[in-house]
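Asks:
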Amino acid sequence: MVIDWVIGNQTCAEAQNQVNFPVKKIARVFILILVLEDTVAAVLMDTREIRISDQVAMVGYYVWWLQVLLQARFGDGSKSDTGCIALSFKKSVLPTGLVEKTRLFTAKELLKATDQFNKSRILGRGGRGTVYKGMLSDGKIVAVKKSTLVSDQNQLEQFINEVVILTQINHRNVVKLLGCCLETQVPLLVYEFIPNRTLFDNIHDPFSEFPITWDMRLRIASEIAAALAYLHYATSIPIYHRDIKSSNILVDENYKAKVSDFGTSRSVATDKTHLTTLVKGTFGYLDPEYFQSSHFTDKSDVYSFGVVLVELLSGQKPISSSIDEDERCLAKRFLLSMEGNYLNKILDPKISEKGNDEDIFSVANLAYQCLNLNGKKRPTTKEVAIELENIMLSLRPMTIQRNSQVINIEVGGSTTFSDINSTWTISDGSKTLPSETNPMLYDTV
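Mind the numbering: the sequence shown is residues 1404 to 1848 in this note's numbering, read in order.
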């Protein structure tokens, strides 16, 4: 690949005064975004100078072609010191139909939608940005994520990475990316609006108007597991979330789970068993094996999910500062309670009084397996999803109904997950059939 010029650090106004400014020489350029394992690179190049090797073709599913409107400016142009940037998508080699769903918003649209990013519109804050509630001109309510200042390459990579990952996902229990804005100094991502805060809020807020019941917790756990199984086994290339925690699980108006925040997620080639990366994640949820080895596997997501299961069972936070240092870690306290046969002491009274003892123990036993310090001995996400679904189905008729159609679910050597348009089966020792365009549905009646 030959690159004879790249993005500089001049403003658009300064650059346009130069004799050799590319706008005066080139009709159009493209941004080629390559995502390869743990690397995200954004390169601006003259299309006439690109020489693509055969190796690039091997990762073609990651490549986005963007048409640059060079006459447009980054922000207001005269004030930005970050250079020119592409403002619209040209075409994509990602699966047909996905890119069309990613809308490009103008800065003016989102400023109006959020009332100039008014503090009263803030839904939440995180390490990578602030989320605002907004209303578009058509009345649609959205969530706008305003990233922190992109002061280094890593932050820009996380922005690009989240867009790349989410455009490959179509699942009912994963938050939907509606679009983004590239006109501002910091990236803006626009998501579907999820009204009932995070799972963390619903579990730990003592003043919650509608405390979540055991049945709701069990269903939410099943939905999270279904989403993770989809990411690991049903996308064309497995996706590791890498930051599963209750504050990254949103809860909608029907108290259904939506997995969010894919900034640190990574796709992994099917012939690889792990990623070797700088350790990222949240203490209390972090896989001890990953912390020690820097090798992130699908079982690392399983460990984090196990902590979420224990949160649902206990109603306690993953790290507590109000107790002795040796007992601050919820996962450690839970493992000791299981091994010491005093699980009841750690259970949330709200569920121990109203939940079915057998079901509670089954979920606790599953959490215990997920938290095994030896990652190889943990269940896979598809095994976790099957187990939770079986626990739910043991209490309900083993059918699902949607749009007045009834679809049988087979339970035994294999489990079939279905919706109206597609069916895919998980069985011991078998590979899940890809179904990127149709989500797994769990509408039990």
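Built from N, CA and C at the ideal position, the CB exists for glycine as well.
Can you give, in chain order, each stretch of the beta strand (DSSP E) that sits fully within the stretch 1560 to 1621 and has at least 3 residues?
Replies: 1580 to 1584 and 1591 to 1595
Asks: Using a Cβ-Cβ distance under 9 Å, would K1515 count as near chain C?
Replies: This model lacks chain C altogether; it includes just one protein chain.
Asks: Could you name the residues of the same chain whose beta carbon sits closer than 6 Å to that of F1613, not counting the 5 residues immediately before and after it, in chain order?
Replies: On the sequence shown, position 210 is the one that residue 1613 refers to. Nothing listed; no residue qualifies.
Asks: If distances are taken between C-alpha atoms only, which option among I1606, E1586 and E1692 comes closest to N1777?
Replies: Stepping through the sequence shown from its first residue, residue 1777 is reached at position 374. Minimum Cα distance to N1777 is reached at E1692.
Asks: On the DSSP bridge list, what partners appear for V1547?
Replies: Here residue 1547 refers to the residue found at position 144 when the sequence shown is read from its first residue. Beta bridge pairing from DSSP links V1547 with Y1535 and V1593.
Asks: For S1550 versus P1590, is the C-beta spacing smaller than 9 Å?
Replies: Along the sequence shown, read from residue 1 onward, the residue named residue 1550 stands at position 147. Along the sequence shown, read from residue 1 onward, the residue named residue 1590 stands at position 187. At a Cβ-Cβ threshold of 9 Å, S1550 and P1590 count as neighbours.
Asks: Can you tell me whether DSSP reads P1691 as helix, strand or coil?
Replies: Within the sequence shown, numbered from 1, the residue matching residue 1691 stands at position 288. In the displayed model, P1691 falls within a helix according to three-state DSSP.
Asks: Answer with buried or exposed for N1605, where buried requires no fewer than 16 other C-beta atoms within 10 angstroms of its C-beta.
Replies: Locating residue 1605 in the sequence shown gives position 202, counting from the first residue. Under this definition N1605 is a buried residue.
Asks: Do you know whose CA, among D1655, T1667 and Y1633, lies nearest R1645's CA?
Replies: On the sequence shown, residue 1645 is found 242 positions in, with the first residue counted as 1. Residue T1667 is the option with its Cα nearest to R1645.
Asks: When DSSP labels each residue in this structure, what does R1736 get in the three-state scheme?
Replies: Within the sequence shown, numbered from 1, the residue matching residue 1736 stands at position 333. DSSP places R1736 in the helix class (H, G or I) of the three-state scheme.
Asks: Sorted by chain position, which residues of the same chain lie with C-beta nearer than 6 Å to K1427's C-beta, five sequence neighbours on each side aside?
Replies: Within the sequence shown, numbered from 1, the residue matching residue 1427 stands at position 24. Only weak support exists for where K1427 lies, its pLDDT of 39 falling under 50; the coordinates are left without a value.
Asks: Based on DSSP bridge pairs, tell me the residues matched to S1670.
Replies: Translated into positions along the sequence shown, residue 1670 becomes position 267. Its beta-bridge partners are I1642.
Asks: Just to confirm, is the Cβ distance from F1764 to I1749 under 9 Å?
Replies: As a working note, residue 1764 is residue 361 in the sequence shown. As a working note, residue 1749 is residue 346 in the sequence shown. Contact: no.
Asks: For the structure I just gave you, are there three or more beta carbon pairs, one from the stretch 1776 to 1790 and one from the stretch 1623 to 1641, closer than 8 Å?
Replies: yes
Asks: In chain order, what residues of the same chain have a beta carbon less than 7 Å from the beta carbon of S1740, not counting five sequence neighbours either side?
Replies: Position 337 of the sequence shown, counting from 1, holds the residue named residue 1740. Around S1740: L1746, K1748 and I1749.
Asks: For L1602 and I1623, which I take to be in contact (beta-carbon distance under 8 Å), what is that distance rounded to the nearest angstrom?
Replies: Position 199 of the sequence shown holds residue 1602. Position 220 of the sequence shown holds residue 1623. 7 Å between Cβ atoms; contact.
Asks: When we look at the beta-carbon of R1620 and count the other beta-carbons within 10 Å, is it buried (16 or more) or exposed?
Replies: Within the sequence shown, numbered from 1, the residue matching residue 1620 stands at position 217. So R1620 ends up on the buried side.
Asks: Just curious, the alpha helix (DSSP H) that V1766 is in, first and last residue?
Replies: The residue you call residue 1766 lines up with position 363 of the sequence shown. It spans D1760 to C1773 - the alpha helix (DSSP H) in which V1766 sits, taken as one unbroken run.
Asks: Please work out which residues of its chain come closer than 6 Å, Cβ to Cβ, to V1709, disregarding the five sequence neighbours upstream and downstream, and give them in chain order.
Replies: Residue numbering aside, residue 1709 sits at position 306 when the sequence shown is read from its first letter. As written in the sequence, residue 1709 is Gly, which differs from the Val given in the question. If we look at G1709 and ignore the five residues flanking it on each side, its Cβ neighbours are A1770, C1773 and L1774.
Asks: Hey, C1732 and G1684: beta-carbon distance below 9 Å or not?
Replies: Working through the sequence shown from its first residue, we reach residue 1732 at position 329. Working through the sequence shown from its first residue, we reach residue 1684 at position 281. No.
Asks: With H, G and I counted as helix, E and B as strand and the rest as coil, what does DSSP make of G1778?
Replies: Taking the sequence shown and counting its residues from 1, the one referred to as residue 1778 is at position 375. Helix at G1778.
Asks: Count the other C-beta atoms from every protein chain shown that fall within 10 angstroms of the C-beta of V1682, then say buried if there are 16 or more, exposed otherwise.
Replies: The sequence position of residue 1682 within the sequence shown is 279, counting from 1. Classification for V1682: exposed.
Asks: With DSSP run on the structure shown, which of helix, strand or coil describes R1731?
Replies: In the sequence shown, counting from the first residue as 1, residue 1731 sits at position 328. Note: R1731 maps to coil in three-state DSSP.
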